[in-house]
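Enquirer:
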Amino acid sequence: MERNYIFTLGDALITFNPVATGPLRYVDSFERKLGGAELNFAIGCARLGLPVKWMSRLGGDEFSKYIYNTVRGEGINMDYVEHVSGYPTSLNFKEILENGSGKTFYYRYQSPILTMTEEDIDESMFDDIAYVHLTGVFLAIAPQNLQIGLSILRIGKAKGIPVSFDPNIRLKLWTLEQARAAYFEIFPYVDILLTGLDEIEMIIDTMPFEQFVAQYNISELVIKDGANGSKAYVDGHWHNAEPFLVKPVDTVGAGDGYDAADIFGLMNGYDVAERLRFANAVGAMVTTVKGDNEGLPEYTDVEVFLGQKTLVER
Numbered sequence: 001m002e003r004n005y006i007f008t009l010g011d012a013l014i015t016f017n018p019v020a021t022g023p024l025r026y027v028d029s030f031e032r033k034l035g036g037a038e039l040n041f042a043i044g045c046a047r048l049g050l051p052v053k054w055m056s057r058l059g060g061d062e063f064s065k066y067i068y069n070t071v072r073g074e075g076i077n078m079d080y081v082e083h084v085s086g087y088p089t090s091l092n093f094k095e096i097l098e099n100g101s102g103k104t105f106y107y108r109y110q111s112p113i114l115t116m117t118e119e120d121i122d123e124s125m126f127d128d129i130a131y132v133h134l135t136g137v138f139l140a141i142a143p144q145n146l147q148i149g150l151s152i153l154r155i156g157k158a159k160g161i162p163v164s165f166d167p168n169i170r171l172k173l174w175t176l177e178q179a180r181a182a183y184f185e186i187f188p189y190v191d192i193l194l195t196g197l198d199e200i201e202m203i204i205d206t207m208p209f210e211q212f213v214a215q216y217n218i219s220e221l222v223i224k225d226g227a228n229g230s231k232a233y234v235d236g237h238w239h240n241a242e243p244f245l246v247k248p249v250d251t252v253g254a255g256d257g258y259d260a261a262d263i264f265g266l267m268n269g270y271d272v273a274e275r276l277r278f279a280n281a282v283g284a285m286v287t288t289v290k291g292d293n294e295g296l297p298e299y300t301d302v303e304v305f306l307g308q309k310t311l312v313e314r
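Per UniProt numbering, residue 1 is the first one in the sequence shown, and the count goes up by one each step.
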């Protein structure tokens with residue numbers, strides 16, 4: 001069987017975006033959107049043209065039906081998505097400031113993802129998988145999710161499937177100590193670590209990046225640094241890519257889009273420099289649109305942004 005799918009799993013949320021910028025206590029109206037780190041990643045992959053499978057659990061309410069229909073409409077494989085009655089769809093409310101930064105307030109109690117167990121993971125699910133992508137958000141939601149993640153990683157390792165991991169630290173969901181303990185169990189299985197600069201510094205403290213990579217046999221350490229661009233440590237060498245200058249209006253989802261773009265580059269044989277530039281472009285594009293995934297571009301959009309293709313508007 002040909003391996004061509006990207007696999008990821010995680011929670012889906014209804015995100016309420018404020019219609020005005022500023023502190024949330026002064027915002028009266030919101031727009032319903034769709035969110036979730038792994039789901040953003042899956043949508044990012046699908047829009048770039050990659051076949052992707054997303055595993056999740058959804059509630060039995062109207063919000064869950066909206067999520068299912070929207071995600072299916074993006075062309076994402078839903079074979080491992082199930083509805084669970086009696087569990088409400090998770091929510092979050094975003095606060096967006098004038099410069100595009102902000103905060104997220106979660107209402108995730110009794111998430112449907114809590115019903116997922118290790119027994120739901122089967123080796124046959126990975127027969128057609130080319131890459132596995134996990135994030136720390138899934139791990140943070142419930143204690144049992146670490147064992148689910150490790151089960152997936154062991155299967156991936158046995159089948160020779162490359163694994164990418166984004167720590168995506170959510171300190172509103174668990175403590176830094178809990179996060180670090182989980183990550184250090186995950187790292188031995190990771191081939192490509194996609195992380196923010198602030199995140200990796202929190203995780204490994206003062207350990208040199210090069211020492212960390214060698215200790216855990218990580219093939220690629222990719223560090224995302226927002227408006228400063230990104231860099232990657234591969235085969236003992238650092239590679240740097242300059243940022244694209246844009247005016248951000250909402251930075252949420254930019255890292256997920258970057259991850260999707262990096263995997264797209266790997267799947268299409270891009271060298272390190274090409275991947276960093278392509279991923280920087282996608283991350284920058286996401287910040288110019290309000291919403292967690294509305295700004296995730298299609299491949300043609302990225303070509304236009306990079307000046308590789310001319311857009312005919314009329």
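The C-beta atom is built at its ideal place from N, Cα and C for all residues, glycine as well.
#1: Among F209, R47 and R277, which one has its Cα closest to the Cα of E298?
#2: Rounded to whole angstroms, how far is the Cβ of G59 from the Cβ of T89, which I believe are closer than 8 angstroms?
#3: Looking only at its own chain, which residues have a Cβ that is under 7 angstroms from the Cβ of E100, when we skip the five neighbours before and after it?
#4: With 16 other CB atoms within 10 Å as the buried threshold, where does D11 fall?
#5: Can you give me the Cβ contacts of V272 inside the same chain, cut-off strictly under 7 angstroms, excluding the 5 residues immediately before and after it?
#6: Determine the contact status of L197 and I223, defining contact as a CB-CB distance below 7 angstroms.
#7: The beta strand (DSSP E) that contains E95, what's its start and end?
#8: Starting from M202, trace the alpha helix (DSSP H) both ways and give me its first and last residue.
#9: Would you call the stretch 63-79 and the stretch 133-148 touching, i.e. three or more CB-CB distances under 8 angstroms?
#10: Exposed or buried, V19, counting other C-beta atoms within 10 Å across all chains shown (16 or more means buried)?
#11: Which same chain residues end up closer than 7 angstroms to D262 when comparing Cβ atoms and leaving out the 5 residues on each side of it in sequence?
#12: Would you say F126 and I148 are within 7 angstroms of each other, going by their C-beta atoms?
#13: Does the Cβ of Y26 have 16 or more other Cβ atoms within 10 Å, making it buried, or fewer, making it exposed?
#14: Looking only at C-alpha atoms, which of L150, I113, V132 and L97 sits nearest to V84?
#15: In whole angstroms, what is the alpha-carbon distance linking D292 and K33?
#16: In terms of alpha-carbon separation, which member of E199, E31, G102 and G236 lies closest to Q211?
#17: Residue 375 to T8, Cα distance in whole Å?
#18: Apart from the five residues just before and just after T15, which ones in its own chain have a Cβ nearer than 7 angstroms to its Cβ?
#19: Starting from A241, trace the beta strand (DSSP E) in both directions and tell me its first and last residue.
#20: On the criterion of 16 or more Cβ atoms from any shown chain inside 10 Å, does R108 qualify as buried, or is it exposed?
#21: Does the distance from the CB of T175 to the CB of L97 come in under 7 angstroms?
#22: Helix, strand or coil for G253? Go by DSSP, reduced to three states.
#23: Do A260 and G44 have their beta-carbon atoms positioned less than 7 angstroms apart in this structure?
Expert: The structure says:
#1: As a working note, residue 298 is residue 298 in the sequence shown. Nearest C-alpha to E298: R47.
#2: Residue 59 sits at position 59 when you count from the first residue of the sequence shown. Residue 89 sits at position 89 when you count from the first residue of the sequence shown. Between T89 and G59 the Cβ distance is about 5 angstroms, and since that is below 8 angstroms, they are a contact.
#3: Sequence index remark: in the sequence shown, residue 100 carries index 100 (1-based). Per the sequence presented here, residue 100 reads as Gly, with Glu not at that position. Excluding sequence neighbours, G100 sits near P248, V249, D250, T251 and T287.
#4: Reading the sequence shown from its first residue, position 11 is the one you call residue 11. Per the 10 Å Cβ criterion, buried.
#5: Here residue 272 corresponds to residue number 272 of the sequence shown, with the count starting at 1. Contacts found: A232, V234 and H239.
#6: Your numbering for residue 197 matches position 197 in the sequence shown. Your numbering for residue 223 matches position 223 in the sequence shown. In this structure, I223 lies closer than 7 angstroms to L197 by Cβ.
#7: Position 95 of the sequence shown holds residue 95. Here the beta strand (DSSP E) through E95 covers S90 to I96.
#8: Taking the sequence shown and counting its residues from 1, one reaches residue 202 at position 202. M202 -> alpha helix (DSSP H) spans L197 to I204.
#9: no
#10: Counting from one through the sequence shown, the residue named residue 19 turns up at place 19. Classification of V19: exposed, given that the 10 Å Cβ count is below 16.
#11: Within the sequence shown, numbered from 1, the residue matching residue 262 stands at position 262. For D262, where only same-chain residues beyond five positions count, the Cβ hits under 7 angstroms are L194, V222, R275 and A279.
#12: Translated into the one-based positions of the sequence shown, residue 126 becomes position 126. Translated into the one-based positions of the sequence shown, residue 148 becomes position 148. In this structure, I148 does not lie closer than 7 angstroms to F126 by Cβ.
#13: What you label residue 26 is simply residue 26 of the sequence shown in a count that begins at 1. With fewer than 16 Cβ atoms within 10 Å of its Cβ, Y26 is classed as exposed.
#14: Sequence index remark: in the sequence shown, residue 84 carries index 84 (1-based). Measuring from the Cα of V84, the nearest candidate turns out to be I113.
#15: As a position in the sequence shown, residue 292 is number 292, starting the count at 1. As a position in the sequence shown, residue 33 is number 33, starting the count at 1. C-alpha separation (whole angstroms): 8 angstroms.
#16: As a working note, residue 211 is residue 211 in the sequence shown. The candidate whose alpha carbon is nearest that of Q211 is G236.
#17: Outside the shown range of the chain (1 to 314) lies residue 375, about which nothing can therefore be said.
#18: The residue given as residue 15 occupies position 15 in the sequence shown. Excluding residues within five positions, the ones whose Cβ falls inside 7 angstroms are K33, L34, G35, N92, K94 and D292.
#19: As a first step, residue 241 must be located in the sequence shown, where it is residue number 241. Run containing A241: H237 to A241, per the beta strand (DSSP E) assignment.
#20: The count along the sequence shown starts at 1 and reaches residue 108 at position 108. Buried, by the Cβ-count rule.
#21: What you label residue 175 is simply residue 175 of the sequence shown in a count that begins at 1. What you label residue 97 is simply residue 97 of the sequence shown in a count that begins at 1. Not in contact: T175 and L97 (Cβ atoms no closer than 7 angstroms).
#22: Within the sequence shown, the letter at position 253 stands for residue 253. Reduced to three states, the DSSP call for G253 is coil.
#23: The sequence position of residue 44 within the sequence shown is 44, counting from 1. The sequence position of residue 260 within the sequence shown is 260, counting from 1. Yes, they are a contact pair.
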